[in-house]
Every structure is written in C-alpha cells, then in structure tokens.
Amino acid sequence: MKIFKLFIDENIKTWKKISTKIMIIAIILSLFAVLAFVKFLEKTEENLIISSSVVENEKEYLEREIEYYETQLENEKLDEQSRLNIQRNLELYKLFLEYNISPYNNSWENELASYIVEQKVNGQNIDELLNILKNKNFKEYIEYQKKQQKQQLENNSISEQEYNDNLIILNLKEKYEIGKEYSQESYWKRNIIQKIENAQYSLRTGINKETNKLIKAEEKQDLEDSIKLNIYRLENNIPDANNGSNSNYRMRFELLAPMFSMAVISIAIIVIAGGTISNEISTGTIKFWALTPNKRWKIMTAKLISILFYIIILVLITSLLNVFIANVFFAQEGETYLYCKNGEIKEIGNTLYTIEYYLVKSIPIIIFALFAVMLSTITRNTAVAVSFSVALYIGNSIIMQIINQFITKDWIRFIPFNNLNLTTKIFPNSTDMTSMMFGTNFATSTSLVFSLAVLGVCAFLMLVTMYDSFNKRDII
Amino acid sequence: MCVCKKGFNLTETLVLKENFSYLTETLEKREKGKRFYMSKVVLELENVNKTFGKRKVIDNISLSVKEGEVYGFLGPNGSGKTTTIKMILNLIDRDSGIIKVNGYDTKKQFEKAMECIGGIVENPDMYRYMSGIDNLKLHARLRNIDKKRIDEVLKLVELNGRENDKVGKYSLGMKQRLGLALTLLHKPKVLILDEPTNGLDPAGIKKLRDILKEIAHKDGVAVFVSSHILAEMQQMCDKVAVLDNGKIVKVEEISETKEEATEHVELRVKNINKTIKILKEKFNLEAKTEKDAINILLPTENLPKVVKELAISDVEIKAVIPKSHTLEDIFFDATEKEKNKK
C-alpha cells in the first residue's frame, strides 16, 4: 500500500516535468516521421515506375539486338562456344519478337521461350512447345511441365520425392495462376513459391539452401511448418511482409515504425531511468523521500515499478498509434501473423500482433533501463548513467556482431547482448528489421528459454547491486 | 498530579473523574503556554559514534530533548552538527550507540520513528518545477494528510496566496518556510532543523523564530536546531549544547531568571585600587581586574547601591557596563577549555 502511494507520487513527479512531455511528443513524432518517409518513398517510386516503362521501345530494342548479333556471327574469328551462345540469344530474341514477349519481364512466356531454344539446340521436337507459346496458354504450359516431370521419373533421372515435390509446386502454380501475369501485386506469390521450393530442397537434401549448412533435427520441423504456412498464405491470400516486393508500403511502414519508435522510447526511458537516484541526490530531493516513513527498499521498488509502468504505457500507446496510423494512411491490409502449432495454422490479427510485437520488443528496454538505474545508483552521476546506457543500447548489436565474428567459442551465447533479440524467437515467422540487416548469426541460434534465463540472471544481478548500494550507502 | 496538589479530597476527585481529563488538559495547555520542562523525553541520543575513514567525526555523543523544548545545537563549522542530524534522520548510518525518537529506535523501528519526526537538512530541497502546494501534496499522500491540514500549515508559515507558484520562483526565505511547512505537515513530535536561518534576512529570521517558538511552546513539539550563529540561538533556544570536534563540551539552559538574579558588571574607573578596596570592605565582593576594567558578579538589586557608594567615595566612574551571561560566553568558555586541555 505504501509502495503504491510512493508509485503514484513518483508518476506525478515525472509527469510534471517538462522533459517528460517533450519525450512523449518525440515518440509520437517518430511514428509520423516514419510515415512521412514511407509516403515519400511511395511517391518517388511511383514516378520511377512510370518513367521506366519502355514498352513502346521494346520492339525497337529487340530489332537492334538481333541486328547486332547477326553482325557478330559474321565475324569469323569467333570460337565455337561463343558462336553457340550468340546463336542461342539470336533465336531467343527472334522468338520474343515473333510472339510479342517482353524481354524485361520474368514472365512464363519468357521462361518457355528460353526452354524452346534449349530444346532446339539439343535437337528435340519443339512443335508442341511453339504451339503453347502461340496460344499463350498458361494451363497447357503447366500440363506440359507435369508431363516432363513424369517422363523424368520414368527415366529415373529424378527421385520419387523430388517428383512429388515438383508436382505440388506445379499444382500450386496452376491453381493460383502464379507466373501467368507479371504484376507487382502477384509478386509475393512467386516469392512464396520460391520459398516452398527452397524448403523442399533443404528437406530433401538435408542441406539448408540459404545457409549451405546441414540442417538439424529441430530445424526439420520448422521447415515443414514453413511449407504449410506458405501454402496457407496462398490459399487465404495473405501476403507476408518480407516478400521482396516494394509495392506494399503499409508493410514497409510496419517494419520501420517499430524499429524507429522503439529506439526513441528506449532513449527516453534510459534518460528517465538514468536520473532516478542520481538526479534526486544531486538536487537533494532524495531527502524528500528518505524522510518519510518508508524504508529505502520501498522507495527503490516504487521507482522501479514506475519505470516499468512508463515502458508499458509508452509501448501500448505507441503500438496502438502505429495501428491507427497504418489503418488511416494506407489502403492495404496490415500484416497478419501466422504460426504453426501442432501442425495447425493459427492467425493473429494485425492489431493484436502489432501490440504483442511491440511488447516483446520492449523486454530489452527493461534490461537497459535496469542498467541505467544501476549505474545511477552506483555512480550517482546522471551523465555517466545515461551516456553509458545509451552508448551500450546503440552500440550493442554492432559490438556483438564484431565479437561474434572473432570468437566462435560456445560461451559467447551467455553474453546478455547475444540474447536481446527476442522477437525472432517469439515470432519466428515475422520479418524483423534487425535480423534482416545483420542476418542470422550466433545470437539467433539460442532458444527462447535460454535467452530469457540469461536476461533474467542479468536483471537479478543488477537488481541486487542497486538495492544493496541504495540501502547501505549514506544519503548525503 | 497537579490537580491533587491543589487540595481536592478523594471524593471530589472521584466525582470529578469524568472531568479529570478535561481539567488536566486545560492545565497542561496553560503550562505549555508558559514552558514546561517536566514532560517526557522525545529525542534521545546515547553514546553515538561515527567515523569517516580514520577521522572520528562524532565522539560518544549523548543528549536528550524534551517535549516543548527548543534545543540549540551549537558548534563551529565542521564540528559534526550536520552529521549528527543526518544520523538522527537515518540518512547516514551510525557506527554505534542508540538514537530513539519518541521511544522508537530509528534503526530497528525506522518507520515508526519517522512517523514522529520531521526535518530539514542543509537546504529545503523540493521539486523546483512543481508548485509549492504540489510538493506538499506529494508528501501529504504518503502520510495520509487531508487538504485542510495543508491549508492550515500554509497559513502558519504565511505562504497562503503563493502556494500555486513554482518553487523555482520562490525566494530563499519562502523556500525555507515551505520546507518548514513540509516537515510540519504530519504534526511531528520532533522537529529537526539544520541551520534554518542560513540566507534569511532579519525579518525572515524573526518570522522563523516566532513560528518555532509557537510550535514548541503551544503544540509541545521538541525543536532541535543546529546553528553556528550565537545571537540567533540565544533568542530562540531554551537549552543549548555546544559541540566541538565531535564532542559535546557543554550543555547549558538559557534561563531568563538566572540572568536576572545575578549580574556580571564591568566597571571602568580611574582609581582602581581604591575601588577594589571599597568593594571588598562594604559589599564583600571579589573583583577581577583587567587592565583598567574591573569585573564583578553581584546580585542585580545591589548594583545601584554599589554605584551610589562609589560616587560618594569620590571614585571617578567612567562607565558601568552590564555584561549578561551570554551564549557567546558559554560557547567560547567551552571551546577555549577544550583547546587548553590539549
């Protein structure tokens, strides 16, 4: 009860500071800054797309290229290999010209044309293929591919597993017409097909296609789940955020906004936390509290609880504002988080997911806030406490990146900074900007429970230090 | 106790039993109006020691302060006044000894002891960016004090009307008074002030003195004031302890009656030997000579007679200077003695 009253007082005291209000405004502004940035990108890239449309020039371009290759062929000094390459290109470009295929777009026609040239060089019959190209029939193309797969299976050139996998891919392509039309909107589907193919390859060969490392037993389950998830995405038309496409600006906003606003929140919280004890001691107001009938540990606890309270309140406000801004300023749907539990796919709605994501991201802030409070109690110097904590907050990922490069021993996973990235562990299917920037490293390979344990021990040690220091040292 | 002495017989006291508490109350109030030294001890220090590193800052201090008493804690700079006060308020830890506030040990029964104590150490530090009343409200919440009491205290320290201004805009005197209001909010039994007159103008000092005397003598609060300014302590305090180098060298009650009974007088005359002779023969007074001055201690009512006698005897009197037994004497006597011992 007494702690609660101290807590209320602490909040009133902090709220009445002008700096607190400035910080809140800064946090809100950070979201709008990201919004402005994304909107700016949207506008400039729109212009880019329009200016780069060269559809009318395509024909001209192809004719010019063909002419160029023909003159090249007349050169008698060419060796056999180059001659063959040039001939292939010539054939391909002629096909493009003939069937009115854009050489820029990575369309299925483009793919088929290349295939035809290949077959022609190999001396195979290409009439059937040319027919498909002439009709521009996507379905027939898929059917043809299926037939090819079956033939390969009969020739024993591919395993049954591979045949089945490929058949799944082809069926998906047929069902959702992936690759039929080239557009920004359908780009994510092709991306997902690529992901499924990669996962299938990894499972089949036992080698992770992305990292070129052997996959472990527990990774296998993840890969199977990811295939299921991606098929679910196609079925329910739920694009993922990390789809390689630039068109979904809402998702870009949702990626950037948490990163940016959380940085501002962290610094604001560190500034508040770094002054908790030292500011009170330097202004003498610590006596204000110490002369009330409250034991020192109660005063300290009230201060810590209030810092935790600020973190939660700020994070909740920011996450809700994030959802609100995204809903108001972007036409697209927000990211829905999908996860696989016991083979079943579950969805978390955009609003709830954003809030949860923010809350998970705030766990490292608690650690840095504790660090700042500890320094503040020990050094009794706000400048030292705040600057050290902010430096560590900003620099920790880079420092750890360097350390992880040079030390490959097992114990580095016990370093708390290697365990700060919890979002990728709690939301493994989410796209986290930090992991996108720094890639997967040692830090992401530890389990969630391990990371939480390391952070818990770290927090406990800091708490013991600060309570001990505050209880025993004189207040002067 | 007092009621019985005034001659009530037993039956009457029984009849008056219901009114007894009322009677004692009114009597006590009357007593408080005067001054009372018979009441209980609310602040007690027993053999308190403190060392900072190798230096012994507080050396076996013992003292006790009673209800309604203004207790002066006098000493030169660096004698350990503030350290003692911080130990009483538990801001710093003591090495050994017992400090009790209203019977509660400040270490073992910290929260109970702090309920009965209020204090200002060094400066009255408050949140500068908040208004005076907001600062008071913070404290009031912690101690379950209602709005009425806040107004009451503001009126007492004469800050009503300015309570909504930011503390940063207050003058030093106002800050001191607000600090006092803050410590008085919960009606402490013991009030501890560390150099409360620092930086105050004469008017401010007088106001502070009046407030302190009022709360001590009316409400029975034990006020423990430290200072190095002698004159101010003399006007304010009932009892003074002199601290030097961490030791209490003297405890003295400053009583008006004592001053009235005997008087220290300095006589400046031309004919010193003659004067001494007259004083010895006619009044049986021991005189000390100091250059051309004669110091005597005599009952106050005798002074006119002495002067008359000397005038009749043709002694040329240059000056008669009454020297009251002041705090300055106590202070310098005590501190000199300490130095001589060494």
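Note that the protein sequences, when read in sequence, are chains A and B.
Positions in the first sequence are counted from 1; adding 77 to them yields our numbering.
Going by our numbering, 123 is the number at position 132 of the second sequence; the sequence numbering is gapless.
No residue lacks a Cβ here, since even glycine has one placed at the ideal position from N, Cα and C.
Remember, predicted model here, so these are calculated numbers, not experimental data.
Residue from the options with nearest C-alpha to residue i
i, options, result
"A536 (chain A)", "A:T500, A:I503, A:F527, A:P493", "A:P493"
"I89 (chain A)", "B:K204, B:I303, B:K197, B:L133", "B:L133"
"Y414 (chain A)", "A:F401, A:Q298, A:Y309, A:L393", "A:Y309"
"E175 (chain A)", "A:N275, A:S507, A:K213, A:L391", "A:K213"
"M78 (chain A)", "A:Y544, A:A379, A:K154", "A:A379"
"I308 (chain B)", "B:L203, B:T266, B:I76, B:D116", "B:T266"
"T454 (chain A)", "A:D545, A:K290, A:I442, A:L393", "A:D545"
"E186 (chain A)", "A:I163, A:L155, A:Y218", "A:Y218"
"I193 (chain A)", "A:P180, A:L210, A:S184, A:I178", "A:L210"
"G351 (chain A)", "A:A460, A:L118, A:E231, A:F504", "A:A460"
"K273 (chain B)", "B:N293, B:D283, B:T74", "B:N293"
"Y326 (chain A)", "A:K154, A:F114, A:K136", "A:F114"
"T74 (chain B)", "B:G94, B:R46, B:H177, B:G190", "B:R46"
"K166 (chain B)", "B:H130, B:L191, B:K180, B:V181", "B:L191"
Residue i versus residue j - alpha carbon distance
i, j, result
"R21 (chain B)", "N371 (chain A)", "Low confidence applies to R21 (chain B): its pLDDT is 44, below 50, so where it sits in the model is not reliable enough to give any reading."
"I105 (chain A)", "I471 (chain A)", "20 Å"
"K91 (chain B)", "I206 (chain B)", "21 Å"
"M339 (chain A)", "L436 (chain A)", "10 Å"
"E113 (chain B)", "D50 (chain B)", "22 Å"
"D84 (chain B)", "L112 (chain A)", "55 Å"
"E87 (chain A)", "F448 (chain A)", "19 Å"
"L207 (chain A)", "S474 (chain A)", "55 Å"
"Q298 (chain A)", "T428 (chain A)", "28 Å"
"I196 (chain B)", "T188 (chain B)", "6 Å"
"I203 (chain A)", "N241 (chain A)", "26 Å"
"S236 (chain A)", "T500 (chain A)", "39 Å"
"V233 (chain B)", "I390 (chain A)", "55 Å"
"M100 (chain A)", "F337 (chain A)", "14 Å"
"I443 (chain A)", "D235 (chain B)", "50 Å"
"V526 (chain A)", "I425 (chain A)", "22 Å"
"E412 (chain A)", "E331 (chain A)", "8 Å"
"C107 (chain B)", "V33 (chain B)", "9 Å"
"G533 (chain A)", "N481 (chain A)", "22 Å"
"N155 (chain B)", "Q409 (chain A)", "51 Å"
"V260 (chain B)", "S304 (chain B)", "12 Å"
CB contact flag (residue i, residue j, <8 Å)
i, j, result
"N40 (chain B)", "G88 (chain B)", "yes"
"L258 (chain B)", "V311 (chain B)", "yes"
"L80 (chain B)", "I183 (chain B)", "yes"
"S439 (chain A)", "I489 (chain A)", "no"
"I342 (chain A)", "V463 (chain A)", "no"
"D229 (chain B)", "E60 (chain B)", "yes"
"I287 (chain B)", "V306 (chain B)", "no"
"L83 (chain A)", "N399 (chain A)", "no"
"L263 (chain B)", "L301 (chain B)", "Just to set this straight, residue 263 (chain B) is Ile in the shown sequence, not Leu. Not a contact, by the Cβ cut-off of 8 Å."
"L340 (chain B)", "I141 (chain B)", "No information on residue 340 (chain B) is available, as it lies outside the stretch -8 to 333 that chain B covers here."
"D96 (chain B)", "K93 (chain A)", "no"
"A103 (chain A)", "A345 (chain A)", "yes"
"L36 (chain B)", "L65 (chain B)", "no"
"G69 (chain B)", "V231 (chain B)", "no"
Within chain A, the residues that residue i reaches when beta carbons sit closer than 7 Å
i, result
"L80 (chain B)", "L368"
"M117 (chain B)", "T362, F365"
"E106 (chain B)", "P370"
Within chain A, partners of residue i - CB distance below 8 Å
i, result
"Y120 (chain B)", "K93, K94, I95"
"F101 (chain B)", "P370, K372"
"D84 (chain B)", "K549, D551"
"V181 (chain B)", "Residues of chain A passing the Cβ test: none, with the nearest at roughly 12 Å."
"V240 (chain B)", "Result: empty, since nearest Cβ-Cβ is about 26 Å, beyond 8 Å."
"E113 (chain B)", "G361"
Chain B residues whose Cβ lies nearer than 7 Å to that of residue i
i, result
"I89 (chain A)", "L129"
"E86 (chain A)", "In the sequence as displayed, the identity of residue 86 (chain A) is Asp instead of Glu. Correct list: L129, R132, L133."
Per-residue contacts from residue i into chain B (C-beta, under 8 Å)
i, result
"Y83 (chain A)", "Looking at the sequence itself, residue 83 (chain A) is Leu, so the reference to Tyr does not match. The contacting residues are L133."
"I443 (chain A)", "Residues of chain B passing the Cβ test: none, with the nearest at roughly 26 Å."
"D545 (chain A)", "Chain B residues near D545 (chain A): none, gap ~14 Å exceeds 8 Å."
C-beta neighbour in chain E for residue i, strict 8 Å
i, result
"I315 (chain A)", "Included in the structure are the protein chains A and B, with no chain E among them."
Chain A residues whose Cβ lies nearer than 9 Å to that of residue i
i, result
"G110 (chain B)", "K364, L368"
Runs of alpha helix (DSSP H) wholly within the region 170 to 232 of chain B (minimum 4 residues, chain order): 193 to 210, 221 to 227
Mind listing, in chain order, the continuous beta strand (DSSP E) runs of no fewer than 3 residues lying wholly within the region 424 to 491 of chain A? none
Give, in chain order, every unbroken run of the beta strand (DSSP E) that is at least 3 residues long and sits entirely within the region 265 to 293 of chain B. 278 to 281, 284 to 290
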